[in-house]
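Q: For the sequence shown, this note's numbering assigns the number -3 to the initial residue and increments by one for each residue that follows.
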Amino acid sequence: MNNARAKRGALTLCALIALSAVRGTAVPAGQDSAAVELPILMYHHILKDKTKLGKYTISPEELEADLDWLLREGYEPVTVQQLIDWTNGVGELPARPVMLTFDDGYESFYAYAFPLLQAKGCKAVYSVIGRYADEYTEQEDHHINYSHCTWEQIAELQGSGLVEIQNHSYDLHTNEKGRKGSMKVSGEAVSAYQERLQDDIGRMQELCQSRCGVTPTAFTYPFGGVSEEALPVLRKMGLQAALTCREQVNLLTGDKEELFSLGRFNRATGQSAASLLKREIPVG
Ligand SMILES: [Zn+2]
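1. Grouping DSSP H, G and I as helix and E and B as strand, with all else coil, what is I161?
2. Would you say L158 and A120 are within 8 angstroms of each other, going by their C-beta atoms?
3. So if I measure from each beta-carbon to every heavy atom of ligand 1 and keep distances below 6 angstroms, which residues remain?
4. Output the distance between the C-alpha atoms of K116 and G174, rounded to the nearest integer angstrom.
5. Pick out whichever of A269, E254, S206, G87 has its Cα sitting closest to the Cα of L227.
6. Kindly list the residues whose CB is nearer than 6 angstroms to the CB of H40, restricted to its own chain and excluding five residues on each side of it in sequence; keep chain order.
7. To test your reading of the DSSP string, which unbroken beta strand (DSSP E) runs of 3 or more residues are found completely within the region 69 to 153?
8. Let me make sure I understand the geometry here. Which of Y71, V86, I54 has the alpha-carbon closest to that of Q77?
9. How should N289 be labelled, buried or exposed, when 16 other C-beta atoms within 10 angstroms of its C-beta is the threshold for buried?
10. Tell me which same chain residues have a C-beta within less than 8 angstroms of the C-beta of K46, skipping the five on either side of it?
11. Exposed or buried, which one is Q149 when buried takes at least 16 other CB atoms within 10 Å?
12. Anyone know if the C-beta pair for S178 and G221 falls short of 8 angstroms?
13. Since Y217 is in the beta strand (DSSP E), which residue starts that stretch and which ends it?
14. Exposed or buried, G259, counting other C-beta atoms within 10 Å across all chains shown (16 or more means buried)?
15. Looking at C-alpha atoms only, which residue of N246, L273, Q201, Q236 is the closest neighbour of N84?
16. Using CA coordinates, which residue listed in A238, S187, Q244 is at the minimum distance from E225?
17. Residue range of the beta strand (DSSP E) that V32 falls in?
18. Exposed or buried, what is L15 when buried is set at 16 or more other beta-carbons lying within 10 Å of its beta-carbon?
19. Please determine, among F256, A269, G250, N262, the residue with the shortest C-alpha to C-alpha distance to E33.
20. Alpha carbon to alpha carbon, how far is I125 from P218? Give it in angstroms, no decimals.
21. Kindly indicate the opening and closing residues of the alpha helix (DSSP H) around A269.
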């Protein structure tokens, strides 16, 4: 082999190795492998009324187009439990995993997203705010523009085997008295903050167990607000993952710690899963 040819061969090999490192191969944790690339998409509200579409509201057609594109590209939606199992060396991840997350527990998810997920056999993660689930269960106010799911609907979603219910706090999805979501307030004693967080998260964990028969495994930070003092509380409550709003593709090596800082891409109207996942995006 002449030098030029040998050099070309070496370059090709390097390119292949680099490509496999980026693309990842979803072999079980603990085995010698490249990191698994996991993009996570974040959705909120879904409405047919075109005048209401925006940063956090897309149309059912836009969601359907996302699902079709993802499936065409070979992506397979996974749940948080699949990630946990994989880091524990139990089960495998698909060759091209993606996670579809829907925040806030809107009834529009039940009305528009759930039938699409069922038709296409796609799994999704549904992060519920306990206080709103309680309120809409009590008052039965079904107005698709703003209503949230009742506990009965949430239990039905969970029971489908396609939707995984996760904890978006009981009553910390607010910006009140200087506190942004579940973040620590400046000057607040760490012990007082952690006690409050534990009470709120614990209340939601118990509600999900009593109303749906499942205990969430992930905490979805309200508004993506992360405080480092929250982590010990999440662990103490038995949670094994956390969803943030950091816009980055997750590179999973099998280290359990990586599941506590999962990045997600917000999907606004006018964008697409294709544009979000194909653009130059940080990997971390
Ligand atoms: Zn939210």
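Glycine is no exception: its CB is placed at the ideal position from the N, C-alpha and C atoms.
A: With the given structure in hand:
1. As a working mapping, residue 161 is identified with position 165 in the sequence shown. Looking at I161 - three-state DSSP - the assignment turns out to be strand.
2. Looking up residue 158 in the sequence shown gives position 162. Looking up residue 120 in the sequence shown gives position 124. In this structure, A120 lies closer than 8 angstroms to L158 by Cβ.
3. D99, D100, H164, H169, P218
4. Locating residue 116 in the sequence shown gives position 120, where the first residue counts as 1. Locating residue 174 in the sequence shown gives position 178, where the first residue counts as 1. Cα to Cα, the separation comes out at about 43 angstroms.
5. The sequence position of residue 227 within the sequence shown is 231, counting from 1. Looking at the Cα atoms, E254 is the closest of the given residues.
6. As a position in the sequence shown, residue 40 is number 44, starting the count at 1. Closer than 6 angstroms at the Cβ level, and outside the excluded window around H40, lie Y52, D99, D100.
7. 93 to 99, 120 to 124
8. One-based indexing of the sequence shown puts residue 77 at position 81. For the residues Y71, V86, I54, the minimum Cα distance to Q77 belongs to V86.
9. In the structure displayed, the chain extends from -3 to 280; residue 289 sits before or after that span and is not available.
10. Here residue 46 refers to the residue found at position 50 of the sequence shown. Contacts found: S55.
11. Translated into the one-based positions of the sequence shown, residue 149 becomes position 153. The C-beta of Q149 has 16 or more other C-beta atoms within 10 Å across all chains shown, which makes the residue buried.
12. Walking along the sequence shown from the start, residue 178 turns up at place 182. Walking along the sequence shown from the start, residue 221 turns up at place 225. The answer is yes: Cβ separation under 8 angstroms.
13. As a first step, residue 217 is located in the sequence shown; it is residue number 221 there, counting from the start. It is not in any beta strand (DSSP E) - Y217 carries neither H nor E in the DSSP assignment.
14. Here residue 259 refers to the residue found at position 263 when the sequence shown is read from its first residue. G259 is buried by the Cβ-count criterion.
15. The residue you call residue 84 lines up with position 88 of the sequence shown. Measuring from the Cα of N84, the nearest candidate turns out to be Q236.
16. Counted from its first residue, the sequence shown places residue 225 at position 229. When each option's Cα is compared against that of E225, the closest is S187.
17. The residue given as residue 32 occupies position 36 in the sequence shown. Residues 32 to 34.
18. Taking the sequence shown and counting its residues from 1, the one referred to as residue 15 is at position 19. Unreliable positioning characterises L15 in this predicted model, as indicated by a pLDDT of 38, which lies under 50. The coordinate reading is nonetheless provided below. Label assigned to L15: exposed.
19. As a working mapping, residue 33 is identified with position 37 in the sequence shown. Taking only the C-alpha atoms, the option nearest E33 is G250.
20. In the sequence shown, counting from the first residue as 1, residue 218 sits at position 222. In the sequence shown, counting from the first residue as 1, residue 125 sits at position 129. For P218 and I125, the distance between alpha carbons rounds to 9 angstroms.
21. Taking the sequence shown and counting its residues from 1, the one referred to as residue 269 is at position 273. Residues 269 to 274.
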